[in-house]
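The structure appears right after this line, and notes come after that.
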Amino acid sequence: MTRILQTCLLLAAASLAVFLAGIRNPPVMFFDEKLYVDAGNAILRHTSDPSPYGPPLGKLLVAAGIAVAGDNSFGWRWPGAVCGAVTLVGVFLLIYFLLEDYTLALTAALLTFLNNFLYVLSRIAMMDIYLVTFALWGVLAFVAAIKLPAVTRTRRRILLALSGAAFGAAIACKWNGVDELAVVFLLGVFLLLNISTSSELAECSGNLGEAGAPFFVISFTAIPAAVYLATFYPLFHSQHLAFSAHNLASANLFIWRFHRAVAGNTGLIVAWYKWPLMIAPTRALSYLVGNWYVMWAGLLALLWSLRRFGAALPETLLVSLYAVNMLQWIVTPQPCTFYYYYFPAATFLTLAIPVVVHRLPVRCLGVRLSVVSVLPALCVFAYCFAHMAHLGAPYDTMLGYWP
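So the number in my numbering is just where the residue sits in the sequence shown, counting from 1, plus 1100.
Right, here's the structure in full:
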């Protein structure tokens, strides 16, 4: 356990240092930062929210960053960098709990760090990093509740409650957090029904049953709803509005209507089914494109994982999380979609690689497969880094010119 704690601290410190290095560049707001920076400043100045078309938690975190470090590019962005580091720790722990393999947990963290999405979206004042951080820790707390052995019923219930609270916070950053909540709730119902013949899932069923079905339902219905609604209190307080059912309903109805009608920037719209095979970067957003190796190897890993879907927890969980995060765009009544929306799905896609490696021999031709799985990702990340980090000339073209 000491080694696990030390690794978590090292991952957090090292990744935070990388995310913060050069985070002031560019020194002005870019892409959609203005929407959330203006909202954060409005909260601090107790004026009306200029961006009322999203839930409040992410904007409150941006406001906290400005309050601590000032109204500048560092102040806008440092909370996202912290969340990026916390996400990386969550990835490490999640795979460690799922596979009980320290090396592959570390592999998962390294692949996530190198998948390009985490680096870019941890260094911009937008809501997606907050969404993924809370959603991932919600999944982590649920897995801990059903996987950890020799844990008391009280502790399992605490973990379930924390999971529900994390999902509520994720939804309070972006409504897409409901995707992870839905997967975990449905998986929990499946486990409580105890209809699987898998010994691994049967053990998880017993652990969840120990916590109790009524408490499970409360944890993933009432608790997320309460946390979500509670995040509106500081926003309403800053606007001198009553924290009332009427104002809550009005705020959420406006969010719904806005996203049903928003046209978005037509030059940046990319259909959701094109995201997995995207090659060209989003120039306006730090040349964001998923690490080609990680994205494509992850797709192959997910396809391979279908063989054990419904029989093993890691494969069942990751395939479900990826599928729901993608397929929800078929029914989501928003007319525009952007490539960076792929971030949550891409995160779970990344984790499929170490899960498949876990099912293969440890070594191939004398080389550890975990090492082999990381090296190509490192090469692609290095190629993309100069543009993602907004490095100036001559460093921006040191590995080639991006058209």
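Virtual Cβ for every residue (Gly too), placed ideally from N, Cα, C.
Worksheet entry | Residues near THR1331 by beta carbon distance below 6 angstroms, same chain, minus five either side | Within the same chain, THR1331 has close Cβ partners PRO1156, LEU1157 and ALA1272.
Worksheet item: Which two residues bound the contiguous alpha helix (DSSP H) that contains VAL1424?
Response: Element bounds for VAL1424: 1413-1431.
Worksheet item: If you compare alpha carbons, which of LEU1286, GLU1415, MET1395 and SER1350 is closest to TRP1404?
Response: Selected option, being the one with the closest Cα: GLU1415.
Discussion item. Could you pull the DSSP bridge partners for PHE1438 from this structure?
Written reply: BP columns for PHE1438 point to ILE1369.
Worksheet item: DSSP state of ARG1357, grouped into three classes?
Response: DSSP places ARG1357 within a helical segment (H, G or I) once states are collapsed to three.
Worksheet item: How long is the line joining the alpha carbons of ALA1349 and TYR1136, rounded to whole angstroms?
Response: Separation of ALA1349 and TYR1136 (C-alpha to C-alpha, rounded to the nearest whole angstrom) is 22 angstroms.
Practice prompt. Determine, using beta carbons only, whether ALA1270 and GLY1238 come nearer to each other than 9 angstroms.
Written response: When the beta-carbon positions are compared, ALA1270 and GLY1238 come within less than 9 angstroms of each other.
Fill in: Boundaries of the alpha helix (DSSP H) in which LEU1286 is found, first to last residue
Where LEU1286 is concerned, the enclosing alpha helix (DSSP H) stretches over 1278-1293.
Worksheet item: Which one or two residues does DSSP pair with THR1450 in a beta bridge?
Response: Answer is none; THR1450 lacks a bridge partner.
Worksheet entry | Simplified DSSP assignment, three categories, for THR1252 | It is coil, neither helix nor strand.
Worksheet item: For THR1382, which of helix, strand or coil comes out of DSSP?
Response: If DSSP states are grouped into helix, strand and coil, THR1382 belongs with the strands.
Worksheet item: Between which two residues does the alpha helix (DSSP H) harbouring LEU1406 extend?
Response: That residue, LEU1406, is in no alpha helix (DSSP H); it is neither H nor E in DSSP.
Item to complete: Give the secondary structure of LEU1144 by DSSP, where H, G and I count as helix, E and B as strand, and everything else as coil.
Response: The answer is helix: DSSP assigns LEU1144 an H, G or I state.
Discussion item. I'd like to know whether the C-beta atoms of LEU1260 and PHE1315 end up nearer to each other than 9 angstroms.
Written reply: Taking 9 angstroms as the cut-off, the beta carbon of LEU1260 is found closer than this to the beta carbon of PHE1315.
Discussion item. Let me make sure I understand the geometry here. Which of LEU1194, GLY1184, TRP1178 and ILE1224 has the alpha-carbon closest to that of ILE1246?
Written reply: The candidate whose alpha carbon is nearest that of ILE1246 is LEU1194.
Item to complete: Using 10 angstroms around the beta-carbon of MET1395, count the other beta-carbons present and answer buried if the total reaches 16, otherwise exposed.
Response: Buried is the call here.
Fill in: Cα-Cα separation between VAL1424 and PRO1435, rounded to whole angstroms
Cα-Cα distance, rounded: 18 angstroms.
Item to complete: Can you give me the Cβ contacts of ASP1132 inside the same chain, cut-off strictly under 7 angstroms, excluding the 5 residues immediately before and after it?
Response: Closer than 7 angstroms at the Cβ level, and outside the excluded window around ASP1132, lie MET1226.
Worksheet entry | Segment contact, 8 angstroms Cβ cut-off, at least three pairs: the segment 1302-1311 with the segment 1350-1369 | In the pairwise beta carbon analysis, the segment 1302-1311 is classified as not touching the segment 1350-1369: fewer than three pairs are separated by under 8 angstroms.
Discussion item. Can you find the residues in the same chain that come closer than 8 angstroms, C-beta to C-beta, to ALA1047, ignoring five residues on each side of it along the sequence?
Written reply: Only positions 1101 to 1503 of the chain appear in the structure, and residue 1047 is not among them; the question remains open.
Discussion item. Tell me the DSSP secondary structure of ARG1124 in three-state form.
Written reply: Coil at ARG1124, not helix or strand.
Worksheet item: Just checking, does the segment 1228-1236 make contact with the segment 1139-1156 on the three C-beta pairs under 8 angstroms criterion?
Response: Taking 8 angstroms as the limit for Cβ pairs, the verdict is that the segment 1139-1156 does not touch the segment 1228-1236.
Fill in: LYS1159, enclosing alpha helix (DSSP H) - first and last residue
Segment 1157-1169, the alpha helix (DSSP H) holding LYS1159.
Item to complete: Pull up the distance between the alpha-carbon of ALA1445 and that of LEU1144, whole angstroms please.
Response: The straight-line gap from Cα to Cα measures roughly 33 angstroms.
Discussion item. Excluding the 5 residues flanking LEU1341 on each side, which residues of the same chain have their C-beta closer than 6 angstroms to its C-beta?
Written reply: If we look at LEU1341 and ignore the five residues flanking it on each side, its Cβ neighbours are ASN1347.
Worksheet item: Taking the alpha-carbon positions, what's the THR1147 to ALA1139 distance?
Response: About 9 angstroms.
Worksheet item: Which same chain residues, not among the five before or five after ALA1489, have their C-beta less than 6 angstroms away from its C-beta?
Response: Answer for ALA1489: GLY1122, listed in chain order.
Item to complete: Would you mind reading off the limits of the alpha helix (DSSP H) that contains TRP1176?
Response: For TRP1176, the enclosing alpha helix (DSSP H) starts and ends at 1173-1199.
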